[in-house]
Amino acid sequence: MTISFDLTGKTAIVTGANTGLGQGIAIALAGAGATVALVGRSSMMDTEAAIAAIGGQSHSINADLSSIAPVGDIISETVRLSGSADILVNNAGIIKRADSLDFTEADWDAVMDVNLKTVFFLSQAFARHLVAENKPGKIINIASLLSFQGGIRIPSYTASKSGLAGLTRLLACEWAGKGINVNAIAPGYFDTNNTEALRNDPERNAAILARIPAGHWGKPEEIGGAAVFLASAASNYIHGTVLPVDGGWLAR
Ligand code: NAD
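Just so we're aligned: the sequence shown equals residues 0 to 251 in our numbering.
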């Protein structure tokens, strides 16, 4: 039996693909042969150019994921532009930092809406499409080390990412029998906008670096291999797992 990581003929939806980890994942999926639907509220120009430079295919779909209003259109637009929707990467996410004693309802709701509520309803719209078409598919949620650990000063983020690990397991149990794999990637500390505040704080930066066995902050191009694996036939019997890509952080 040949094990295949090839995504030729598949279309992958990647949310928040304009920068950071979403961009790294979109480029990796395109490199493995998928057409990529780049979904978000910012210009996808840089990601489109990077994908074109490796001979890949992409389409951009404008959507603000702070509400669930666009979820149906994201699936139908992807199918209209690319002919199918086979892989969904729920990457878009936000973080709000403040002491829990001072944390506001607005910061709680904003994070839970993007990181958890929209992820569920976009996954539901995607799975309904697959079931209606009687097709298999792959869902990859971008979780966090805060799916396993508590952290500090990010209560809604930790709640959302811990919830996302649970949601990954629940959806895997419900949809594995329908040929839909639901898994998650838990990135460690990566050099993106999301972690800028930590890298700008010399004490936190040094403490984080000292704990990473690999000895460096992750680079967006270091996340793509795990996404290709979970999107491909090579992972067909993997359901409900949360795969850390963390330079060894959790092993410490
Ligand atoms: P980032 O801030 O660079 O990227 C976040 C992406 O989400 C951007 O593309 C942004 O436009 C998009 N987004 C946010 N709100 C949106 C909205 N309302 N509508 C549409 N798009 C929206 O940070 P990143 O590190 O690349 O984050 C990507 C994912 O990885 C997030 O879910 C984040 O929680 C997760 N993550 C990051 C790290 C890390 O160390 N960087 C660690 C663990 C998990």
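Every residue, glycine too, gets a C-beta built ideally from N, C-alpha and C.
Opening and closing residue of the alpha helix (DSSP H) in which P154 lies
P154 to W174
Is D63 a contact residue of ligand 1, with contact defined as CB to any heavy atom under 8 Å?
yes
Suppose contacts are defined by Cβ-Cβ distances below 9 Å. Is N89 in contact with N133 by that definition?
no
Is DSSP giving F189 helix, strand or coil here?
strand
Given the structure, does T14 come close to ligand 1, in the sense that its CB is under 8 Å from one of the ligand's heavy atoms?
yes
CB I12 to CB T77, shorter than 9 Å?
yes
Contact defined as beta carbons within less than 8 Å: I believe D63 pairs with R40. What is the distance between those atoms, to the nearest angstrom?
5 Å
Touch test, the stretch 171-178 against the stretch 44-59, Cβ-Cβ under 8 Å, three pairs minimum
no
Out of L6, L37, G8 and D5, point me to the one whose CA is closest to L303's CA.
The shown model of the chain, from 0 to 251, leaves out residue 303, and the question about it has no answer.
Please state whether DSSP places N199 in a helix, a strand or coil.
coil
What did DSSP end up calling H58 once you bin it into helix, strand or coil?
strand
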